[in-house]
Amino acid sequence: MGHCAEDGAHLVIINSQAEQNCLDMDNQTQVSEFVLLGLSQQPLQRQLLFSLSFILYLSGCLGNLLTILAIILDPHLHSPMYFFISNLSLLDICFMSTTIPKMLVNHLCGLTTISFSACLAQMYFFIAFGAADSMLLSAMAYDRYLAVCSPLHYVTIMGVLRCALLVVIPWISANLISMVHTLLMSHLSFCTNRIPHFFCDLNALIKLSCSDTQVNEMLVLVLGGPVVLISFVCIMASYTPIAVAVWKVPSVQGRWKAFSTCGSHLCVICLFYGTIIGVYFNPASTYTTQRDIVATVMYTMITPMLNPFIYSLRNRDLKGALKKLLSRNPFAPASLETLFRPNCF
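Straight run, no breaks: the sequence shown in our numbering ends on number 347.
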């Protein structure tokens with residue numbers, strides 16, 4: 003009788019475990035929406051972070067938009083360097099707008115959910131704009147290298163076609179990379195729908211999955227390596243001969259001004275790439291959610307907000323164009339005619 007009772011108990015345990023496994027499998031396939039836990043769970047911190055995020059987003063969008071308009075409206079700025087800066091500003095606006103508005107709306111409305119399809123769409127555009135931003139920064143460094151180190155051949159090398167390719171290739175490549183990640187993510191199963199982040203981050207979603215994510219993790223390195231690591235190395239390699247050329251400037255004042263400009267560019271670049279490398283290329287054993295969120299805030303909010311100030315306020319021509327833009331009547335016929343004039347250089 004004792005053995006029969008024990009066998010019966012074992013059968014009950016096995017049956018209950020089987021039922022639980024079935025329920026877990028159902029949960030994995032029935033995730034129709036995710037819960038975004040946000041930047042913080044503390045009400046006071048959430049309110050403070052909301053205000054800070056709103057200020058950063060508004061400043062970033064306004065600064066980048068003014069930069070784009072100033073470059074379009076001033077014919078003297080229709081050159082390769084400003085063409086790249088205007089494209090960077092456009093990318094920064096798109097990059098910030100992928101995540102921050104949703105977070106702000108969720109906070110105002112008291113919502114924390116996002117549908118599965120909207121989550122994938124957010125992840126797609128976030129990866130696409132972020133990857134394009136990274137590659138465009140390396141193209142801009144290449145442009146500055148040619149302008150400083152090969153000024154006699156600069157106009158010949160940086161023609162309209164090459165400038166267009168240096169912008170179009172990052173856009174196309176970034177969208178293809180993002181498409182691969184999104185398609186693979188759409189086939190994963192998830193054990194829980196609670197994302198410990200303020201948006202649908204690739205790493206966060208991979209860690210929530212109950213499926214085999216080895217391919218996803220491998221592609222983060224295989225596709226992300228060239229986009230982030232190689233771009234960063236190319237930028238550093240481009241700035242090295244620039245620094246050597248600046249060091250040879252006879253005027254101490256001119257040398258200091260050039261070094262301060264290059265230094266500010268490199269600080270923002272190191273902040274952008276350093277935080278991305280820390281988030282996506284660190285060993286899993288060193289991963290912490292809070293550190294990941296702080297690093298993400300740096301490259302999604304801080305650097306896009308800093309870019310227009312670094313490239314505009316430290317550039318005499320662009321600063322002058324901004325002053326003219328802010329002092330002119332935007333509805334004057336001459337202004338509208340210039341706005342729709344083709345951007346040739």
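Using N, Cα and C, we set each Cβ at its ideal position, and we do this for glycine too.
In this text, all values refer to a predicted model and were calculated from it rather than measured experimentally.
Query raised in the report: Alpha carbon to alpha carbon, how far is asparagine 195 from serine 211?
Result: Here residue 195 refers to the residue found at position 193 when the sequence shown is read from its first residue. Here residue 211 refers to the residue found at position 209 when the sequence shown is read from its first residue. Approximately 9 angstroms between the Cα atoms of the pair.
**Report entry** Among Arg164, Gln47, Val229, nearest to phenylalanine 86 - alpha-carbon criterion
**Finding:** Translated into the one-based positions of the sequence shown, residue 86 becomes position 84. Answer by Cα proximity: Arg164.
Requested in this report: Assuming isoleucine 174 and valine 229 form a contact by the criterion Cβ under 8 angstroms, report the distance between their Cβ atoms to the nearest whole angstrom.
Outcome: Walking along the sequence shown from the start, residue 174 turns up at place 172. Walking along the sequence shown from the start, residue 229 turns up at place 227. Wrong, their Cβ atoms sit about 13 angstroms apart, outside the cutoff.
Report task. Counting only the same chain and skipping the five closest in sequence on each side, list residues whose C-beta sits under 8 angstroms from that of threonine 114. Result -> Working through the sequence shown from its first residue, we reach residue 114 at position 112. Val37, Leu38, Leu39, Gly40, Asn108, listed in sequence order.
Query raised in the report: Where proline 172 and serine 140 are concerned, what is the direct C-alpha to C-alpha distance, given to the nearest angstrom?
Result: Position 170 of the sequence shown, counted from the first residue, corresponds to residue 172. Position 138 of the sequence shown, counted from the first residue, corresponds to residue 140. Proline 172 and serine 140 have their C-alpha atoms some 10 angstroms from each other.
Requested in this report: Have a look at glycine 255 and valine 248 and give me their C-alpha separation to the nearest angstrom.
Outcome: Taking the sequence shown and counting its residues from 1, the one referred to as residue 255 is at position 253. Taking the sequence shown and counting its residues from 1, the one referred to as residue 248 is at position 246. According to the sequence as given, residue 255 is glutamine; it is not glycine. Approximately 11 angstroms between the Cα atoms of the pair.
Query raised in the report: Going by Cα to Cα distance, which pick from Tyr275, Cys264, Tyr282, Ile237 is closest to leucine 221?
Result: Within the sequence shown, numbered from 1, the residue matching residue 221 stands at position 219. Relative to leucine 221, the option among Tyr275, Cys264, Tyr282, Ile237 whose CA is nearest is Tyr282.
Query raised in the report: What separation, rounded to the nearest whole angstrom, lies between the Cα atoms of leucine 168 and methionine 142?
Result: Stepping through the sequence shown from its first residue, residue 168 is reached at position 166. Stepping through the sequence shown from its first residue, residue 142 is reached at position 140. A direct Cα-Cα distance of roughly 9 angstroms separates leucine 168 from methionine 142.
Query raised in the report: Nearest-angstrom Cα distance between isoleucine 102 and leucine 154?
Result: Along the sequence shown, one-based indexing puts residue 102 at 100. Along the sequence shown, one-based indexing puts residue 154 at 152. Computed Cα separation, rounded: 44 angstroms.
Query raised in the report: With which residues is glutamate 35 paired in a DSSP beta bridge?
Result: Here residue 35 is taken as the residue at index 33 of the sequence shown, counted from 1. Residue pairing from DSSP places glutamate 35 in a beta bridge opposite Ser117.
Query raised in the report: In chain order, what residues of the same chain lie with their CB nearer than 6 angstroms to the CB of tyrosine 313, ignoring the 5 residues before and after it?
Result: Translated into the one-based positions of the sequence shown, residue 313 becomes position 311. So the list reads Ile87, once near-sequence residues are dropped.
Requested in this report: Determine the closest residue to isoleucine 95 out of Leu328, Lys326, Arg330, Leu308, with distance taken between C-alpha atoms.
Outcome: Within the sequence shown, residue 95 is the residue found at index 93, counting from 1. Cα-wise, what sits closest to isoleucine 95 is Leu308.
**Report entry** Endpoints, alpha helix (DSSP H) assigned at serine 175
**Finding:** Translated into positions along the sequence shown, residue 175 becomes position 173. Here the alpha helix (DSSP H) through serine 175 covers 162-188.
**Report entry** Bounding residues of the alpha helix (DSSP H) (the contiguous stretch that carries serine 42)
**Finding:** Residue mapping note: residue 42 aligns to position 40 of the sequence shown, counting from 1. Segment: none, serine 42 is in no alpha helix (DSSP H) and carries neither H nor E.
Query raised in the report: Under the rule that 16 or more other beta-carbon atoms within 10 Å means buried, what is glycine 265, buried or exposed?
Result: Working through the sequence shown from its first residue, we reach residue 265 at position 263. Glycine 265 comes out exposed.
Query raised in the report: In angstroms, rounded to a whole number, what distance separates the CA positions of leucine 320 and threonine 69?
Result: Mapped onto the sequence shown, residue 320 falls at position 318. Mapped onto the sequence shown, residue 69 falls at position 67. If I take the Cα positions, the gap works out to 8 angstroms.
Query raised in the report: Secondary structure at arginine 196, three-state DSSP: helix, strand or coil?
Result: Locating residue 196 in the sequence shown gives position 194, where the first residue counts as 1. Correct three-state label for arginine 196: strand.
Query raised in the report: Cβ atoms of alanine 260 and leucine 79: under 8 angstroms apart, would you say?
Result: The residue labelled residue 79 in the question sits at position 77 within the sequence shown. The residue labelled residue 260 in the question sits at position 258 within the sequence shown. Contact: no.
Requested in this report: Could you spell out where the alpha helix (DSSP H) holding lysine 325 opens and where it closes?
Outcome: Counting from one through the sequence shown, the residue named residue 325 turns up at place 323. Here the alpha helix (DSSP H) through lysine 325 covers 318-329.
Query raised in the report: Quick one: Cα of alanine 81 to Cα of glutamine 44, how far?
Result: Here residue 81 refers to the residue found at position 79 of the sequence shown. Here residue 44 refers to the residue found at position 42 of the sequence shown. Reading off the sequence, residue 81 comes out as serine, not alanine. Glutamine 44 has its alpha-carbon roughly 49 angstroms from the corresponding atom of serine 81.
Query - Complete runs of the alpha helix (DSSP H) confined to the stretch 189-268 [at least 4 residues] - result: Entirely contained in the stretch 189-268, the alpha helix (DSSP H) runs reaching 4 residues are, in chain order, 204-210, 216-226, 233-249.
Query raised in the report: My guess is that glutamate 35 and phenylalanine 128 are in contact by the Cβ rule of under 8 angstroms, so how many angstroms apart are they, rounded?
Result: Counting from 1 along the sequence shown, the entry for residue 35 is found at position 33. Counting from 1 along the sequence shown, the entry for residue 128 is found at position 126. Not really, about 18 angstroms apart at Cβ, beyond 8 angstroms.
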